[in-house]
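Visitor:
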Amino acid sequence: MSLNCFHCGEPVPNGSDYTIRLHEESHPACCRGCQAVAQTIIDSGNADYYRLRTDLPRTAEVALDELRQLKLYDLPEVQESFVQREEGGADGEVREASLILEGIVCAACVWLNERHLQRLPGVLSAEINFSTRRARVRWNNRVIQLSSILQAVREIGYHAHPFDTSRQEELFRKERNTAIRRLAIAGLGSMQVMMYAVPIYLADDGTMTDDIHALMRFASLILTLPVVFYSAVPFFQGAWRDLKLKRAGMDTPVALGIALAFAASVYATLTGGGEVYYDSVTMFVFFLLAGRFLEMSARKKSAEAAESLVKLIPAAALRLPAWPDRSQEETVAAVRLSPGDHVLVGPGESFPADGCVVEGDSSVDESLLTGESRPVGKHPGIAVIGGTLNLASPLVVRVDRIGSDTVLSGIVRLLDRALAEKPRLALAADRVAGWFVVGLLLIASAVAAIWYVVDPSRAFWITVSVLVVSCPCALGLAAPTALTTALGRLTRSGLLATRGHALETLARATDFVFDKTGTLTTGEFRLREIQVLRGSEAEALALVAALEQGATHPIASALREAATDAPPRVARPLRYLPGQGVEGVIDGRLYRVGTPAFISVAGETPLSAGLTVVGLADEQGAIAWFGLGDELRPHARDLVDELRALGVRLHLFSGDRPENLRALAARLGIEDARGGMLPEDKLAAVKTMQATGAIVAMTGDGVNDAPVLAQAQVSIAIDQGAEAAQAAADMVLLSSELMRLSEGVRVARRTQRIIRQNLAWSLAYNISAVPAAAMGYVTPWMAGLGMSLSSLLVVLNALRLAGPRRTAAAPDPVPPLRPAPARTS
Amino acid sequence: MNILYLLIPISLVFVGFIAWIFLWAVKTGQFEDMEGPAHRILMDDDMEPPRREPPEAKPPAQS
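Sequence order for the protein chains is A and B. Under the working numbering, the first residue of the first sequence carries the number 24, and numbering increases by one thereafter. Under the working numbering, the first residue of the second sequence carries the number 648, and numbering increases by one thereafter.
1. Whole angstroms is fine: what's the gap from A/Leu-566's alpha carbon to A/Ala-581's?
2. Which whole-angstrom value is the C-beta distance of A/Cys-53 and A/Pro-80, which I expect to be below 8 Å?
3. Rounded to a whole number of angstroms, what is the C-alpha to C-alpha distance between A/Gly-404 and A/Leu-414?
4. State the DSSP-derived secondary structure class of A/Ser-148, mapped to helix, strand or coil.
5. Would you grab the beta carbon distance between A/Val-709 and A/Gln-734 for me? Rounded to a whole angstrom, and I think it's under 8 Å.
6. Who pairs with A/Asn-69 in a beta bridge, going by DSSP?
7. Look at the Cβ atom of A/Leu-651, then the Cβ atom of A/Val-616, and state whether they are nearer than 8 Å.
8. Report yes if the C-beta distance between A/Gly-786 and A/Phe-310 is below 8 Å; otherwise report no.
9. A/Ala-563 lies in the alpha helix (DSSP H); which residues open and close that run?
10. Should A/Leu-246 be flagged as near chain B, meaning a C-beta pair shorter than 8 Å?
11. Could you pull out every unbroken beta strand (DSSP E) segment of at least 3 residues lying fully inside the stretch 459-541 of chain A, listed in chain order?
12. Distance check for A/Trp-648 and A/Glu-552, CA to CA, integer angstroms please.
13. With DSSP as the reference, identify every bridge partner of A/Ser-49, one or two as the case may be.
14. A/Val-420 and A/Val-380: beta carbons closer than 8 Å?
15. Give me the DSSP bridge partner(s) of A/Leu-412.
16. Since A/Ala-645 is in the alpha helix (DSSP H), which residue starts that stretch and which ends it?
17. Report the residues of the stretch 115-139 of chain A with a CB closer than 8 Å to any CB of chain B, ordered along the chain.
18. Under 7 Å, CB to CB, which of the residues in the stretch 654-682 of chain B have a partner in chain A?
19. How many Å lie between A/Val-671 and A/Ser-791 at the Cα?
20. Using alpha carbons as the reference points, say which of A/Phe-307, A/Ala-61 and A/His-365 lies closest to A/Leu-418.
21. I'd like to confirm the pairing. Which residues does DSSP put opposite A/Trp-162 in its beta bridges?
22. Grab me the residues of A/Ala-183's own chain with a C-beta within less than 6 Å of its C-beta, minus the 5 sequence neighbours each way, in chain order.
23. Unbroken beta strand (DSSP E) runs of length 3 or more, entirely within the stretch 651-692 of chain A: which are they?
24. Quick one: Cα of A/Leu-691 to Cα of A/Gly-314, how far?
25. Going by Cα to Cα distance, which pick from A/Leu-367, A/Ile-235, A/Ser-385 and A/Val-755 is closest to A/Ala-22?
26. Exposed or buried, A/Ala-287, counting other C-beta atoms within 10 Å across all chains shown (16 or more means buried)?
27. How would you list, in chain order, the residues of chain B whose beta-carbon sits under 7 Å from the beta-carbon of A/Arg-204?
28. By the DSSP assignment, the alpha helix (DSSP H) with A/Thr-635 in it spans what residues?
29. When you compare the CB of A/Cys-31 with every CB in chain B, is at least one pair closer than 8 Å?
30. Classify A/Ser-385 as buried or exposed, calling it buried when 16 or more other Cβ atoms lie within 10 Å of its own Cβ.
31. Below 7 Å between beta carbons is the criterion; list the residues of the stretch 205-224 of chain A that meet it against any residue of chain B, in chain order.
32. At least one CB of chain B closer than 8 Å to the CB of A/Gln-743: is that the case?
33. To which residues does DSSP link A/Ile-739 through a beta bridge?
34. Since A/Leu-312 and A/Phe-537 should fall inside the 8 Å C-beta cutoff, what is the C-beta to C-beta distance between them, to a whole number of angstroms?
35. Alpha carbon to alpha carbon, how far is A/Asn-781 from A/Leu-684? Give it in angstroms, no decimals.
36. Hey, could you find the ends of the beta strand (DSSP E) A/Arg-861 is sitting in?
Set out below in structure tokens:
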């Protein structure tokens with residue numbers, strides 16, 4: 024039985040004896056980093072963190088040269104973009120900055136960071152927002168520098184990035200605050216007006232004297248004024264916009280109804296007669312605003328998942344202005360870089376922009392984009408992506424794209440697009456709403472005309488009732504609220520939609536196609552068996568490691584990991600053949616590693632069935648065989664069962680050998696399992712299915728399966744723990760929890776059902792309420808009540824999609840624990 | 648019932664005051680974080696207060 028690290032929970036490797044002392048007891052730690060971090064936490068009086076936490080943090084990594092990098096953040100031009108100076112601070116300069124904290128997994132992490140920062144002398148306040156993981160820190164620059172603050176955060180095992188609140192963030196914040204204010208005023212107004220309306224209703228048999236009655240009415244009038252002229256402004260603006268565009272939108276009847284009801288009530292109050300409708304007016308302004316606010320919040324939460332990404336581009340960069348002369352270095356703010364500049368990126372630093380390597384040889388962590396946390400080799404001529412992390416050695420990079428042209432910004436735009444694109448049903452609902460409004464206005468005019476002839480005294484009120492009672496907002500609110508709620512809930516579960524139609528198509532999917540490696544299996548191959556035909560095992564491993572240097576396939580990574588103790592060899596030149604293997608020259612001899620077919624050895628391979636077999640050979644023949652296996656993800660079988668119960672047909676397409684597939688397919692219960700498929704084969708198979716009318720949902724990893732993912736009607740990319748969106752996929756599963764997929768299908772279907780329910784209700788309501796109002800059976804207050812309740816019903820029904828509330832901070836799911844960092848080569 | 652001529656205007660003043668308080672709360676950002684306070688109250692009793700120390704300028708680990 025192996026011990027687990029007290030700090031991060033990872034198993035302690037054999038032979039490491041780091042200990043953490045807490046309350047007179049010793050606990051094991053897995054690495055120096057965890058030990059240092061845990062001891063810092065304990066020694067600074069925050070040991071309660073271990074008692075309070077509900078999730079395990081990531082393994083603490085020890086990075087070199089941290090202080091030098093952090094010092095860059097003290098430079099004035101770097102601070103320009105995210106630090107504000109307060110005028111007239113008490114003794115010295117007071118500055119304020121926003122930071123994003125990385126590594127937060129539960130509420131206790133936030134507590135820990137706040138306490139740790141607050142105890143630093145010079146820090147005036149440190150507040151962390153649980154929901155967004157953003158920290159606002161105010162400090163006295165004469166006593167402490169920003170770099171020390173960032174260092175303090177690193178000491179306890181987290182990363183803090185200064186965060187440039189972009190204009191869009193500010194805009195959103197302002198928008199939200201205005202919406203809250205409007206909502207509050209409307210709520211306050213409607214409650215108070217109700218207070219005055221109740222006595223009037225209850226006392227209409229003469230117990231209230233006229234002057235008191237008038238007093239109540241005036242009080243209601245005063246309370247309604249801010250509601251109509253401040254809270255209801257968005258409706259008037261919307262109606263005005265629609266009018267200018269000669270289009271009938273949903274704001275038009277609402278604005279008309281409010282205006283007419285209010286005007287009539289004022290008239291009645293001033294002349295002392297008739298009815299007043301202040302309660303209806305305020306109530307339905309409140310309900311409508313509430314519906315819109317909830318919709319806006321849900322949409323924002325959906326988008327938040329990816330926005331943090333873009334902020335990870337570092338603020339500072341080391342430019343080499345006199346390239347190829349390396350002697351001159353200058354530190355500049357990343358925003359000041361231009362395409363064509365050359366920058367030096369050291370180990371442990373992030374790339375400040377997209378570019379191309381011109382000198383150096385290193386490996387890079389691109390988990391942001393590919394989901395692979397294994398290093399990708401970079402040599403001159405190879406592109407690098409802004410925001411990814413350089414690991415091994417310094418690289419000189421020529422900048423190609425900056426700012427909003429970078430890949431990361433593109434990803435964020437994709438997500439924005441998903442939210443902006445309306446699915447078919449919502450577009451249809453919009454159109455219907457348009458016709459509805461026109462019809463309604465015509466009916467209202469007809470009603471007014473008819474009643475004017477029949478009984479002029481009632482004509483006005485009946486017309487107002489007709490306008491107010493109808494609820495096209497059910498159409499306008501139903502679909503968007505349902506969709507945004509469902510998207511928000513799925514995002515919180517870790518299933519991110521990047522296109523507007525994704526949810527709708529997922530609900531209609533008839534067939535699910537799975538990729539094997541990396542989708543149903545963890546993609547983490549491990550070397551299980553070696554059979555050596557010539558030479559020693561260590562030699563074989565060393566040769567293989569040299570050949571697989573820089574390859575990204577999981578098999579390559581597994582082989583490299585197995586060979587960490589072997590003396591390093593260099594293989595140049597290298598030739599990669601996707602799907603087959605690698606060929607290279609080591610010490611003057613040609614070697615190949617790859618599939619048995621690739622290394623030209625026919626016949627049965629001697630390793631156990633069910634393992635993926637890779638062989639190493641030179642010109643004389645095979646040298647060794649390696650058997651690798653990867654594991655099925657947890658719940659894979661449950662997922663298959665659930666999907667089948669939902670009526671979906673299942674298929675498994677894989678590039679792996681059919682023999683390996685058979686056992687796996689039997690375990691999972693998938694009958695249609697095809698092996699040996701190259702990407703073109705998968706594409707053809709999907710097309711065949713679609714020709715028979717199937718709606719195909721394809722899951723895979725975005726990199727190799729891009730064309731197939733694009734061909735399927737809805738595509739889902741599975742990323743292990745990385746918060747990234749793949750351009751070709753319509754949805755991204757951020758965690759490795761496979762059950763989210765079946766949850767996604769269930770939620771998607773439920774969303775469609777609820778939208779239909781809302782539309783049906785809306786239809787039934789309007790068909791019965793409008794004629795009733797036209798015939799004079801509905802007084803305006805009943806109309807207002809009816810309309811408000813109808814809107815509320817629709818919104819509440821849509822909110823049923825939100826599912827159980829999570830207590831931890833939304834929306835990031837718990838990232839799976841990363842393996843302990845590989846020893847640096 | 649004439650007391651109502653006093654009470655109702657007073658209540659209007661109160662409502663105005665409440666509205667002003669609310670607007671102040673929005674302006675000072677009290678509605679930005681809806682989930683934090685729920686967690687905070689669970690964590691702040693019976694804990695050792697953090698010790699104030701000057702930050703030592705040591706690198707996190709020796710190599």
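Glycine residues also receive a C-beta, built at the ideal position from the N, C-alpha and C atoms. Since this is a predicted model, take the numbers as computed values, not measurements.
Guide: Considering the structure as presented:
1. In the first sequence, residue 566 of chain A corresponds to position 543, counting from 1. In the first sequence, residue 581 of chain A corresponds to position 558, counting from 1. Each residue's alpha carbon lies about 14 Å from the other.
2. For the purposes of this step, residue 53 of chain A is identified with residue 30 of the first sequence, where counting begins at 1. For the purposes of this step, residue 80 of chain A is identified with residue 57 of the first sequence, where counting begins at 1. The pair is not a contact, with the Cβ atoms about 12 Å apart (cut-off 8 Å).
3. To locate residue 404 of chain A, count along the first sequence from 1; it is residue 381. To locate residue 414 of chain A, count along the first sequence from 1; it is residue 391. Roughly 18 Å between the two C-alpha positions.
4. Against the first sequence, residue 148 of chain A aligns to sequence position 125. Looking at A/Ser-148 - three-state DSSP - the assignment turns out to be strand.
5. Indexing the first sequence from 1 puts residue 709 of chain A at position 686. Indexing the first sequence from 1 puts residue 734 of chain A at position 711. Indeed they touch by this definition, with Cβ atoms about 5 Å apart.
6. Taking the first sequence and counting its residues from 1, the one referred to as residue 69 of chain A is at position 46. A/Asn-69 is not bridged to any residue.
7. What you label residue 651 of chain A is simply residue 628 of the first sequence in a count that begins at 1. What you label residue 616 of chain A is simply residue 593 of the first sequence in a count that begins at 1. No. Outside cutoff.
8. Here residue 786 of chain A is taken as the residue at index 763 of the first sequence, counted from 1. Here residue 310 of chain A is taken as the residue at index 287 of the first sequence, counted from 1. Going by the sequence as given, residue 786 of chain A is Leu instead of Gly. Not in contact: A/Leu-786 and A/Phe-310 (Cβ atoms no closer than 8 Å).
9. Mapped onto the first sequence, residue 563 of chain A falls at position 540. 560-570 is the extent of the alpha helix (DSSP H) around A/Ala-563.
10. Within the first sequence, numbered from 1, the residue matching residue 246 of chain A stands at position 223. Yes, because at least one Cβ of chain B sits closer than 8 Å to the Cβ of A/Leu-246.
11. 518-520 and 534-538
12. As a first step, residue 552 of chain A is located in the first sequence; it is residue number 529 there, counting from the start. As a first step, residue 648 of chain A is located in the first sequence; it is residue number 625 there, counting from the start. Looking at the two C-alpha atoms, the distance is approximately 8 Å.
13. On the first sequence, residue 49 of chain A is found 26 positions in, with the first residue counted as 1. Bridge partners of A/Ser-49: A/Arg-44.
14. Counted from its first residue, the first sequence places residue 420 of chain A at position 397. Counted from its first residue, the first sequence places residue 380 of chain A at position 357. Cβ distance < 8 Å, so A/Val-420 and A/Val-380 count as in contact.
15. The count along the first sequence starts at 1 and reaches residue 412 of chain A at position 389. A/Leu-412 pairs with A/Ser-373 and A/Asp-388.
16. Taking the first residue of the first sequence as 1, we reach residue 645 of chain A at position 622. First-last for A/Ala-645: 644-655, but that is the beta strand (DSSP E), not the alpha helix (DSSP H).
17. Ala-130, Ala-131, Val-133, Trp-134, Arg-138 and His-139
18. Ile-655, Leu-659, Val-662, Ile-665, Ala-666, Phe-669, Leu-670, Val-673, Phe-678, Glu-679, Asp-680, Met-681 and Glu-682
19. In the first sequence, counting from the first residue as 1, residue 671 of chain A sits at position 648. In the first sequence, counting from the first residue as 1, residue 791 of chain A sits at position 768. Whole-angstrom Cα-Cα distance: 39 Å.
20. Translated into positions along the first sequence, residue 418 of chain A becomes position 395. Residue A/His-365 is the option with its Cα nearest to A/Leu-418.
21. Position 139 of the first sequence holds residue 162 of chain A. For A/Trp-162, which the question treats as bridged, DSSP gives the partners A/Arg-118 and A/Val-146.
22. Position 160 of the first sequence, counting from 1, holds the residue named residue 183 of chain A. Same-chain partners within the cutoff: Leu-122, Leu-124, Leu-173 and Val-176.
23. 672-676
24. Working through the first sequence from its first residue, we reach residue 691 of chain A at position 668. Working through the first sequence from its first residue, we reach residue 314 of chain A at position 291. Straight-line Cα distance between these residues: approximately 44 Å.
25. Only positions 24 to 848 of chain A appear in the structure, and residue 22 of chain A is not among them; the question remains open.
26. To locate residue 287 of chain A, count along the first sequence from 1; it is residue 264. A/Ala-287 is buried by the Cβ-count criterion.
27. By 1-based counting over the first sequence, the position of residue 204 of chain A is 181. Correct list: Leu-670 and Val-673.
28. Numbered from its first residue, the first sequence carries residue 635 of chain A at position 612. It is not in any alpha helix (DSSP H) - A/Thr-635 instead sits in the beta strand (DSSP E) that spans 635-641.
29. The residue given as residue 31 of chain A occupies position 8 in the first sequence. No, A/Cys-31 does not count as interfacial toward chain B.
30. Translated into positions along the first sequence, residue 385 of chain A becomes position 362. That one is buried.
31. Ala-207, Ile-208, Leu-211 and Gln-215
32. In the first sequence, residue 743 of chain A corresponds to position 720, counting from 1. In this predicted model, A/Gln-743 has a pLDDT of only 43, less than 50, meaning its place in the structure is not dependable; the value taken from the coordinates is given anyway. By this cut-off, A/Gln-743 is not an interface position.
33. Translated into the one-based positions of the first sequence, residue 739 of chain A becomes position 716. According to DSSP, A/Ile-739 bridges with A/Thr-722 and A/Met-754.
34. Sequence index remark: in the first sequence, residue 312 of chain A carries index 289 (1-based). Sequence index remark: in the first sequence, residue 537 of chain A carries index 514 (1-based). That pair is no contact at about 45 Å.
35. Counted from its first residue, the first sequence places residue 684 of chain A at position 661. Counted from its first residue, the first sequence places residue 781 of chain A at position 758. Their backbone Cα atoms lie some 45 Å apart in a straight line.
36. Since the displayed chain A opens at 24 and closes at 848, residue 861 of chain A lies outside it and no answer follows.
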